[in-house]
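Residue numbers (the working numbering): 314 to 442.
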């Protein structure tokens, strides 16, 4: 009989039920994360395969460009030197842009400020350190 249970028994039963609900929620979250991880791994593998094929295609395009310059009348060594020089120039340009963008990277100032505000609001003297 539910009416005959004491307050302690009711609290114990409620605690057990909450514990069960939390355990089931954690199990559900684990199952969802496992499925999500599998999908992410598959997507990453497909992107990796596409990148590999793109790299192979770019090598083929470079060879075709070299032979195209040979067909246009350039000596073979000069044609492939032009293609190689173009690739090196493109790589140098990408490095320069990457360095320029990397210099713009800074610390998370807003997050640090709000973290300091939280700490100062919790401390009795209002300091952050």
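All C-beta atoms in this analysis are idealised placements derived from N, C-alpha and C, irrespective of residue type, glycine included. As the structure is a prediction and not an experimental result, all values here were calculated from the model.
*To the nearest angstrom, report how far apart residue 359 and residue 429 are at their CA atoms.*
43 angstroms
_DSSP three-state label for residue 324, please._
Reduced to three states, the DSSP call for residue 324 is helix.
_Considering Cα atoms alone, identify which of 352, 396 and 406 is closest to residue 371._
396
*Is the beta carbon of residue 402 sitting closer than 8 angstroms to the one on residue 375?*
Contact flag unset, no.
*Please go through the same chain and pick out, in chain order, the residues whose beta-carbon is closer than 7 angstroms to the beta-carbon of residue 378, but skip the five residues on each side of it.*
396
*asked:* Quick check on residue 392: buried or exposed, where buried means 16 or more other Cβ atoms within 10 Å of its Cβ?
replied: Label assigned to residue 392: buried.
*By how many angstroms is the C-alpha of residue 432 removed from the C-alpha of residue 452?*
An answer regarding residue 452 cannot be provided, because it is not within the stretch 314 to 442 covered by the chain.
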